[in-house]
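Undergrad:
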Amino acid sequence: MLTRRDSLRLLAGAVVGAAALPARQAAAAALPARLAVAAGAPPTWTVTGSSSPSLQPFDDLLRSFMEAQSISYASLAVVRQGRLVLARGYNSTSGPVLAQPTSLFRLASVSKPVTATAIMKLVQDGRLSLSAKVAPMLGLSTAADSRLGEVTVLHLLQHLGGWDRSVSFDPMYRWDFAISGQLHVPLPVTQANIMDYTSRYTLDFEPGDRYAYSNYGYMLLGKVVEKVTGLPYATYVQQNVLAPVKITRMAQGRTAQSLRRSSELPYYSEMASATTVLDNSGAQVPMPYGGFNLENMAAHGAWLSSAVDMAKFTTIFDAPGLLTSSSITQVFAPPAIDWDGSYYGMGWSVRPVGGALNTWHDGAYPGTSTLMVRRYDGLSWVVLFNRWNDALQRNYTDDIDYPLHQAADAVTSWPATNLFPAYGL
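If you use mature numbering (1 follows the signal peptide of the UniProt record, and there is no 0), the sequence shown corresponds to residues -28 to -1, 1 to 397, in order.
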């Protein structure tokens, strides 16, 4: 029987993964010197949307950061005490389009809190139990490893399911050719193919024993939503999670460049073109548009959103409403494993700060870097970029994270206005 290590040896080469769980440093850190704008003629710079003069530190940071990193499009939304106070699109290019506060970006792994919220809504409504066993619910074979039968919905939410991509592989990223070859199915492979393939290998650890970030686990949560509701995953989320808080622009992303939505920004990557995983043509395509299959990432990385819509999403967790107080507490509760400093709750990374919490999630793949933060003092923000760090094959979270905290701390007067109604929220 093949182990997951055997599978890794069968497909050598780089595997593009989602952003690793970041550590939030409490100590102050100066903005890295590399963020200084290079000497010479500055690129075109255009800012769209609404803000206030007192929030200039955010605009200054985004300009210096984007110009230093050669990022063409970004959007930032800032919430204070439930009110949207800044909604911006930032452009260091003259075209072909301009980022607006309502422009759509791929969210990458910032999709996971959306899926976790859908699961918690089903639990709250009495339609699902956190202790439900996933394998029998989804018809997963446990022949290769009987421990798969013990994986629960809670395990998946908290990344305790037994899959460790650092030990073996992440079936959601660039394993399409291996899956197609072993199962003798054409490209593009389906989620059912991925489940069949992955279930043929042993788990990397006992379910519930430790944390290991798993995109595959969140893909399974999307299938759980479909099994329980009888609806497509995205339909349930749009009707029961997003619509109740007036979020209507969010949609599932599509891989092919020709299928980019009208309000969606283009994605850029300096990585070499990849052989498309969308068909068996062998065609070479830009990495963001066929180097991976976005449609299969529905529940863990395929949502499109604007910054203002995700800023509205953060307010779900500020007070009872869509979720009850008990459900919100469960979302941010620590897992039943040892943790030090921070931990992963249900779709959110969590760090206790005194008697309150900092909660956040980031995301990345070629062409995308995203960060969503809820701070202990009632501040929240969402920043979305249309590229990642190609040289290091990671997102820009580590570079932009603390400077955003510094920008917030530099604000001496916060506006009392609320911009949400201006964006239909």
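Built from N, CA and C at the ideal position, the CB exists for glycine as well. These numbers come from a predicted model, not from an experiment.
1) Take W360 as the anchor and find which of H377, H127, S241 has the nearest alpha-carbon.
2) Taking the C-alpha atoms as reference points, what is the distance between residue 428 and L94?
3) For a test of the three-state rule: what should DSSP assign to H131, helix, strand or coil?
4) What does a CB cutoff of less than 8 angstroms around A206 pick up in its chain, not counting 5 residues either side in sequence?
5) Quick check on the burial criterion: 16 or more other C-beta atoms within 10 angstroms. Buried or exposed for V325?
6) Residues in its own chain within less than 6 angstroms of V319 by CB, not counting five upstream and five downstream?
7) Determine the DSSP secondary structure at residue 450, reduced to helix, strand or coil.
8) Any idea if S297 is buried or exposed, counting beta-carbon neighbours within 10 angstroms, 16 or more meaning buried?
9) What beta strand (DSSP E) runs, 3 residues minimum, are completely inside the region 292 to 371?
10) Do S278 and S75 have their C-beta atoms closer together than 8 angstroms?
11) Have a look at Q41 and W147 and give me their C-alpha separation to the nearest angstrom.
12) Taking V19 as part of the beta strand (DSSP E), name the residues at either end of that continuous run.
13) Would you report the Cα separation of V19 and F37, rounded to the nearest angstrom?
14) Under a Cβ-count criterion, where at least 16 other Cβ atoms within 10 Å of its own Cβ denotes burial, should P108 be classed as buried or exposed?
15) By a C-beta neighbour count over all protein chains shown, 10 Å radius and 16 as the cutoff for buried, is Q72 buried or exposed?
16) Which residues mark the beginning and the end of the alpha helix (DSSP H) in which V86 is found?
17) Would you tell me roughly how many angstroms separate the C-alpha atoms of L27 and Y62, rounded to the nearest one?
18) Rounded to whole angstroms, what is the Cα-Cα separation between T287 and Y368?
19) Is the beta carbon of S64 less than 8 angstroms from the beta carbon of W17?
20) Check each candidate in L237, D310, A283 and name the one with the smallest Cα separation from R78.
21) Where do the N-terminal and C-terminal ends of the beta strand (DSSP E) with Y62 fall, by residue?
22) Could you check what DSSP says for V388 in three-state terms: helix, strand or coil?
23) Mapping the DSSP letters down to three states, classify A11 as helix, strand or coil.
24) Between H272 and M144, how many whole angstroms is the CB-CB distance? I'm expecting something under 8 angstroms.
25) Would you kindly check if the distance between the Cβ of V209 and the Cβ of L294 is under 8 angstroms?
26) Rounded C-beta distance between L56 and N265? I'm assuming under 8 angstroms.
27) Name, in chain order, the residues that DSSP records as bridge partners for V51.
28) Please state if the CB of L192 and the CB of L128 are separated by a distance shorter than 8 angstroms.
29) Cβ of L155 within 8 angstroms of Cβ of Y169?
30) What does the Cβ neighbour count give for N358, buried or exposed, with the cut at 16 atoms within 10 Å?
31) Grouping DSSP H, G and I as helix and E and B as strand, with all else coil, what is S253?
32) Please name the residue in I166, A246, L120 whose C-alpha comes closest to that of D142.
33) For G396 and F285, I'd like the C-alpha separation in whole angstroms.
34) What span of residues does the alpha helix (DSSP H) with S277 cover, start to end?
TA: Reading it off the structure:
1) S241
2) Since the first and last residues shown for the chain are -28 and 397, residue 428 lies out of range.
3) coil
4) A223, Q224, A270
5) exposed
6) Note on residue identity: the sequence assigns Gly, not Val, to residue 319. So the list reads K84, P85, A88, once near-sequence residues are dropped.
7) The chain is shown from -28 up to 397; residue 450 falls before or after that span and cannot be answered.
8) exposed
9) 321 to 325, 328 to 337, 340 to 346, 351 to 357
10) yes
11) 30 angstroms
12) 18 to 22
13) 14 angstroms
14) exposed
15) buried
16) 84 to 96
17) 15 angstroms
18) 24 angstroms
19) yes
20) L237
21) 55 to 63
22) As written in the sequence, residue 388 is Ala, which differs from the Val given in the question. A388 falls in the coil class under three-state DSSP.
23) For A11, the predicted structure reports a pLDDT of 40, less than 50, and the residue's modelled location is therefore unreliable. A value from the coordinates is still provided. In the structure shown, A11 sits in coil (DSSP, three-state: anything other than H, G, I, E or B).
24) 7 angstroms
25) no
26) That belief does not hold up - the Cβ atoms of L56 and N265 are roughly 34 angstroms apart, past 8 angstroms.
27) L56, S352
28) yes
29) yes
30) buried
31) coil
32) I166
33) 13 angstroms
34) No alpha helix (DSSP H) holds S277; the beta strand (DSSP E) holding it covers 275 to 277.
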